[in-house]
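Taking it in order: structure first as structure tokens, then the write-up.
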């Protein structure tokens, strides 16, 4: 798990329906991080149905069936 200021963080779920052009990432500590999809060109190219077909790996990573790239919680938090 990712340690951030004495809190262990993990990814609980992703949501692309909250705000247009944004990705909501729900963390295991109850927080929600909203990031522009434009920061992730590979995700931006995916169709709506392809974005919904994601996998969370070990609570720290996520990927999509349509692409081979694996993203990290660190990519979301910017460190």
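In our numbering, the protein residues as written are -6 to 72. Beta carbons: idealized from backbone N, C-alpha and C, even for Gly.
### Query
Are the Cβ atoms of residue 31 and residue 38 separated by less than 8 Å?
Against the chain shown, residue 31 aligns to sequence position 38. Against the chain shown, residue 38 aligns to sequence position 45. In this structure, residue 38 does not lie closer than 8 Å to residue 31 by Cβ.
### Task
Report the rounded CA-to-CA distance for residue 11 versus residue 60, giving the unit in angstroms.
One-based indexing of the chain shown puts residue 11 at position 18. One-based indexing of the chain shown puts residue 60 at position 67. Straight-line Cα distance between these residues: approximately 23 Å.
### Task
Would you give the residue range spanned by the beta strand (DSSP E) that residue 8 belongs to?
Start at 1 with the first residue of the chain shown, and residue 8 comes out as number 15. Here the beta strand (DSSP E) through residue 8 covers 4 to 8.
### Query
Is the distance from the Cβ of residue 4 to the Cβ of residue 63 below 8 Å?
Reading the chain shown from its first residue, position 11 is the one you call residue 4. Reading the chain shown from its first residue, position 70 is the one you call residue 63. Taking 8 Å as the Cβ cut-off, residue 4 and residue 63 do not qualify as a contacting pair.
### Task
Inspect the beta-carbon positions of residue 7 and residue 55 and report whether they are closer than 8 Å.
Translated into positions along the chain shown, residue 7 becomes position 14. Translated into positions along the chain shown, residue 55 becomes position 62. Yes, the Cβ-Cβ distance between residue 7 and residue 55 is below 8 Å.
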